[in-house]
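Novice: Under our numbering, the residue at position 49 of the sequence shown is numbered 551, and the numbers go up by one with no gaps.
Shown below is the structure under consideration.
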Amino acid sequence: MSTATAIEFSPDYFKVIFTDDPAEWMEFIQVNLRTFKEGLDRIQEAAAAEDIDTVSEVRHALGPSMKQWGTVTLERQMMALTGDNLTEQWPLIEPEFKALISALEQLK
């Protein structure tokens with residue numbers, strides 16, 4: 503896991519909600535994993551096509567969850583992507599996004 507995500511990722515915000523129901527917690531993790539994986543796929547395709555509109559749509563949809571999982575650096579990096587820097591910056595951000603997915607997978 504990359505440094506920023508390793509330091510920032512925290513399931514605490516959500517764990518409090520699911521303390522009494524481990525089955526619901528696992529279902530919640532699965533939903534988040536699917537959502538972030540689908541988001542990653544869409545962003546990868548959009549970055550390759552230099553489609554900042556799709557990137558913007560995905561990052562705005564996932565931004566609040568990134569913050570709630572504690573990955574504020576990743577969320578800020580995603581929000582800083584523009585049409586001018588997308589092809590240069592996305593390859594630097596992608597490992598952080600994958601680290602978030604990895605951190606979620608470790609909660610299963």
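Don't be surprised by glycine CBs; every beta carbon is placed ideally from N, CA and C.
Values in this document were obtained by computation on a predicted structure and should not be read as measured data.
Does Pro524 come out as helix, strand or coil in the three-state DSSP assignment?
Specialist: The answer is helix: DSSP assigns Pro524 an H, G or I state.
Novice: Using alpha carbons as the reference points, say which of Phe599, Ile509, Gly572 lies closest to Arg561.
Specialist: Among Phe599, Ile509, Gly572, the Cα nearest to that of Arg561 is on Phe599.
Novice: Pairing CB atoms from the segment 508-515 with CB atoms from the segment 559-573, are three or more of them under 8 Å?
Specialist: Because the criterion of three Cβ pairs below 8 Å is met, the segment 508-515 and the segment 559-573 touch.
Novice: Does Phe516 come out as helix, strand or coil in the three-state DSSP assignment?
Specialist: Three-state result, Phe516: helix.
Novice: At the level of alpha carbons, what is the spacing between Ile545 and Ala551?
Specialist: Roughly 10 Å between the two C-alpha positions.
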